[in-house]
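Peer 1:
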Amino acid sequence: DQQVKQNSPSLSVQEGRISILNCDYTNSMFDYFLWYKKYPAEGPTFLISISSIKDKNEDGRFTVFLNKSAKHLSLHIVPSQPGDSAVYFCAASNPHTGGGNKLTFGTGTQLKVEL
Amino acid sequence: DGGITQSPKYLFRKEGQNVTLSCEQNLNHDAMYWYRQDPGQGLRLIYYSQIVNDFQKGDIAEGYSVSREKKESFPLTVTSAQKNPTAFYLCASSIGTLQPQHFGDGTRLSIL
Chain C
149 DQQVKQNSPS
159 LSVQEGRISI
169 LNCDYTNSMF
179 DYFLWYKKYP
189 AEGPTFLISI
199 SSIKDKNEDG
209 RFTVFLNKSA
219 KHLSLHIVPS
229 QPGDSAVYFC
239 AASNPHTGGG
249 NKLTFGTGTQ
259 LKVEL
Chain D
1330 DGGITQSPKY
1340 LFRKEGQNVT
1350 LSCEQNLNHD
1360 AMYWYRQDPG
1370 QGLRLIYYSQ
1380 IVNDFQKGDI
1390 AEGYSVSREK
1400 KESFPLTVTS
1410 AQKNPTAFYL
1420 CASSIGTLQP
1430 QHFGDGTRLS
1440 IL
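As you go down the protein sequences, you meet chains C and D in turn.
Going left to right, the first sequence walks through residues 149 to 263 as the numbering used here numbers them.
Going left to right, the second sequence walks through residues 1330 to 1441 as the numbering used here numbers them.
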């Protein structure tokens, strides 16, 4: 049962344009969400997070939007740069179940930013 | 520099052997985690530890064991009972709940 879903395995965007990566979740108990970026043969790097009390969080070129009613979040990257080409993972947790900070990951979206 | 160190980067194991993957952090984080990544899949949680001398099974703990004798260290043993051990293993740590996990650069384990 995939509780966190990234339905687009890949996305191609031109340099300077907006990249929008999407993530859906099924567990209504999730209330903390994160985006990670991963290059091949490296560990994921934390990008940005959002808790369920917010619907938007912004950090530089990265903005995460959360729609709790739709159980959907998205990551916007503006403007996209070639160095943004990587796999992006969405992750979610429910810190209040006694399981600490266990994360459930999506399967990732490969972003390619073309010149 | 503070961070998480995983070693070795590549590891080969003969069938029937146990092998231990190292994970050390100097971030003073209380919680540590082990994940496994297979091609085309997300990360799946193997074990996690919220404090020293305590750890819990994650979603795919069968065939693995861990220890947490020191705050800085959380080694993972892949036992011969793990039927499909070939994967990319990632260790992470976090300071607490509602805080992001920070990852090491991983160990790729292959079976000879």
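Even glycine gets a Cβ: it sits at the ideal position worked out from N, Cα and C.
List the endpoints of the continuous beta strand (DSSP E) containing K1386 (chain D).
Peer 2: Where K1386 (chain D) is concerned, the enclosing beta strand (DSSP E) stretches over D1383 to K1386.
Peer 1: What residue range is occupied by the uninterrupted beta strand (DSSP E) comprising R1342 (chain D)?
Peer 2: Start and end: Y1339 to R1342.
Peer 1: Report the neighbours of F210 (chain C) on chain D: residues whose CB is nearer than 9 Å to its CB, in chain order.
Peer 2: Per Cβ cutoff of 9 Å: no residues; F210 (chain C) is ~13 Å from chain D at best.
Peer 1: Where does H1358 (chain D) fall in DSSP's three states?
Peer 2: Three-state result, H1358 (chain D): coil.
Peer 1: Near A1416 (chain D), which residues of its chain fall below 7 Å by C-beta distance, leaving aside the five closest residues on each side in sequence?
Peer 2: Answer for A1416 (chain D): R1365, Q1366, D1367 and L1438, listed in chain order.
Peer 1: Could you have a look at D1367 (chain D) and say whether DSSP puts it in helix, strand or coil?
Peer 2: It is coil, neither helix nor strand.
Peer 1: Between E206 (chain C) and F1403 (chain D), what straight-line distance do the alpha-carbon atoms span, to the nearest angstrom?
Peer 2: Answer to the nearest angstrom: the Cα atoms are 33 Å apart.
Peer 1: I'd like to know whether the C-beta of S1402 (chain D) is nearer than 8 Å to at least one C-beta of chain C.
Peer 2: Chain C, which has no Cβ nearer than 8 Å to the Cβ of S1402 (chain D), makes this no.
Peer 1: R209 (chain C) and I198 (chain C): beta carbons closer than 8 Å?
Peer 2: In this structure, I198 (chain C) does not lie closer than 8 Å to R209 (chain C) by Cβ.
Peer 1: Alpha carbon to alpha carbon, how far is I1440 (chain D) from T1408 (chain D)?
Peer 2: Roughly 12 Å between the two C-alpha positions.
Peer 1: Relative to the C-alpha of K260 (chain C), which residue among C:K250, C:N175 and C:Y187 is closest?
Peer 2: The candidate whose alpha carbon is nearest that of K260 (chain C) is C:Y187.
Peer 1: In chain order, what residues of the same chain lie with their CB nearer than 7 Å to the CB of S156 (chain C), ignoring the 5 residues before and after it?
Peer 2: Hits under 7 Å: N170 and T257.
Peer 1: If you draw a straight line from the alpha carbon of W183 (chain C) to that of D149 (chain C), how long is it in whole angstroms?
Peer 2: Approximately 21 Å, taken between the alpha carbons.
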